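Inspection log for the structure reproduced underneath, given as structure tokens.
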Amino acid sequence: MAVHTSQSVAKAAGDDVARGRSRGTGNPPPPGKLRRALSTHWYAWTMVAPVVVVIGVIIGYPLVRGIFLSLTDANERNVARSIGVNHLPATYKFVGLDNYADALTGEQFLGTLGWTLVWTVSCVSITFVLGMALANILNRRIAGRSAYRMALILPWAVPGFVSVFAWRFLYNNDRGLLNKILSGAGFDGIDWLGDPTIAKVAVIVVNVWLGVPFIMVALLGGLQSIPGEHYEAAEMDGASAWQRFCHVTLPGLRPVSTTVILLSTIWTFNMFPVIFLLTRGGPGDATQILVTQAYKFSFEISPRDFAQSSTWGVLILVLLLIFATVYRRVLRTQGDDW
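Those letters in the sequence shown? Residues 1 to 338, by full-length UniProt numbering.
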């Protein structure tokens, strides 16, 4: 009986060993990263699931629809529409990448892209420099510092379209405050929004005025997080004010600066309200940027070209994704884990 039992146990153990060898290991396979995350943080996933679903519907569907339309010749005349009680089915056709080829080889897209890049680089550079200067000033103990902070944050608090309309009134040729000041000083008035070159400068000024408060507040928070001991040590080592700025302030602001530059670039690249409400892309197409031109294709020209508008929208997305990817890799090569 004992011999038979020991033989049974040995056989069962042998079978287990054989099964373990067939699987390569005697232990069950470890769960994947996604499964571990779901099992460990299931409550967090449950809380964010509704938001993810809503964002997926609001952003995901238009994105997929836009990519689909960019591969067709859809316009106002061949999309599905209803005229009274009659419903006309869609008759647009699939054209593949023809729209992208036409856009990338056409002068209109490349010309608009060139001005968009100039507009973005100019606005972001000037905004960052002014925001940095104002943040450094307000980080010092000066009389009326709180009042200055409130005054400088005011453009950020006012709705954007209100600010743009206020600037449009300032730029008015006949009743604008700027031309009245010039006339009072004995100078001729300037056609601020009618001359192509001056109009470009005018829209940059407005966008800089709107963007400085965000940069200033972000950098001011970064300045206040830099320990004062670093400045004291640098001063004891004989570092000048400029050296302290270059070797203490700028490295200390790098995490904040990288984020605000990226966000400011994306916002400026797609800054629809300033261009549309101030000049509508004019005079002519002098101040037209990619996003306003895409809007024009879809809502202003006749027949409305939905395929071309979608193509430009997808190209805008691709350009921003390329910029963000390159920007992140450059930061990683400099040692920033971002």
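Quick reminder that beta carbons are idealized off the backbone N, C-alpha and C, glycines included. For clarity, every value in this text was computed on a predicted model and none was experimentally measured.
* Measure the beta-carbon distance from Thr-265 to Thr-120 and round it to whole angstroms, keeping in mind my assumption that it falls under 8 Å. => Here residue 265 refers to the residue found at position 265 of the sequence shown. Here residue 120 refers to the residue found at position 120 of the sequence shown. Sure, about 6 Å apart at Cβ, within 8 Å.
* Is the beta carbon of Thr-268 less than 8 Å from the beta carbon of Asn-207? -> What you label residue 268 is simply residue 268 of the sequence shown in a count that begins at 1. What you label residue 207 is simply residue 207 of the sequence shown in a count that begins at 1. In this structure, Asn-207 lies closer than 8 Å to Thr-268 by Cβ.
* **Span separating the alpha-carbon of Ala-166 from that of Gly-160** => Residue mapping note: residue 166 aligns to position 166 of the sequence shown, counting from 1. Residue mapping note: residue 160 aligns to position 160 of the sequence shown, counting from 1. Cα to Cα, Ala-166 sits roughly 10 Å from Gly-160.
* Keeping to the same chain, check which residues put their C-beta closer than 8 Å to that of Pro-89; ignore five residues upstream and five downstream. => By 1-based counting over the sequence shown, the position of residue 89 is 89. Around Pro-89: Ala-80.
* Please report the residue range of the beta strand (DSSP E) in which Ser-240 lies. => Residue 240 sits at position 240 when you count from the first residue of the sequence shown. Run containing Ser-240: none; DSSP gives neither H nor E here.
* Asked: Exposed or buried, Thr-46, counting other C-beta atoms within 10 Å across all chains shown (16 or more means buried)?
  -> On the sequence shown, residue 46 is found 46 positions in, with the first residue counted as 1. Counting Cβ neighbours within 10 Å, Thr-46 comes out exposed, since fewer than 16 surround it.
* Asked: Should Thr-116 go down as buried or exposed, given a rule of 16 or more other Cβ atoms within 10 Å for buried?
  -> On the sequence shown, residue 116 is found 116 positions in, with the first residue counted as 1. Residue burial annotation: Thr-116 is buried, with at least 16 other C-beta atoms found within 10 angstroms of its C-beta.
* Counting along the chain, where does the alpha helix (DSSP H) carrying Asn-136 start and finish? -> As a working note, residue 136 is residue 136 in the sequence shown. Per DSSP, Asn-136 belongs to the alpha helix (DSSP H) from 107-138.
* Cα-Cα separation between Leu-319 and Tyr-327, rounded to whole angstroms -> For the purposes of this step, residue 319 is taken as the residue at position 319 of the sequence shown. For the purposes of this step, residue 327 is taken as the residue at position 327 of the sequence shown. Answer to the nearest angstrom: the Cα atoms are 12 Å apart.
* To do: Enumerate in chain order the residues of its own chain whose CB-to-CB distance from Gly-176 is below 6 Å, with the five nearest sequence positions on each side excluded.
  => One-based indexing of the sequence shown puts residue 176 at position 176. Result list for Gly-176: Leu-170, in chain order.
* Helix, strand or coil at Ala-324 according to DSSP, with G and I counted as helix -> Mapped onto the sequence shown, residue 324 falls at position 324. Helix.
* CA-to-CA distance, Ala-133 to Tyr-61, given in whole angstroms -> As a working note, residue 61 is residue 61 in the sequence shown. As a working note, residue 133 is residue 133 in the sequence shown. Answer to the nearest angstrom: the Cα atoms are 43 Å apart.
* **Alpha-carbon to alpha-carbon, Ile-55 and Cys-123** => If you number the sequence shown from 1, residue 123 lands on position 123. If you number the sequence shown from 1, residue 55 lands on position 55. Approximately 30 Å, taken between the alpha carbons.
* Closest by C-alpha distance to Pro-273, when choosing among His-230, Arg-168, Pro-283 -> To locate residue 273, count along the sequence shown from 1; it is residue 273. Among His-230, Arg-168, Pro-283, the Cα nearest to that of Pro-273 belongs to Arg-168.
* Asked: Do Val-95 and Thr-72 have their CB atoms nearer than 8 Å?
  -> For this step, residue 95 is matched to residue 95 along the sequence shown. For this step, residue 72 is matched to residue 72 along the sequence shown. Yes, Cβ-Cβ distance for Val-95 and Thr-72 is below 8 Å.
* alpha helix (DSSP H) runs wholly inside the stretch 206-269, at least 4 long, in chain order -> 228-236, 241-244, 250-269
* Asked: Where Leu-331 and Phe-245 are concerned, what is the direct C-alpha to C-alpha distance, given to the nearest angstrom?
  -> Residue mapping note: residue 331 aligns to position 331 of the sequence shown, counting from 1. Residue mapping note: residue 245 aligns to position 245 of the sequence shown, counting from 1. Those two C-alpha atoms are separated by around 20 Å.
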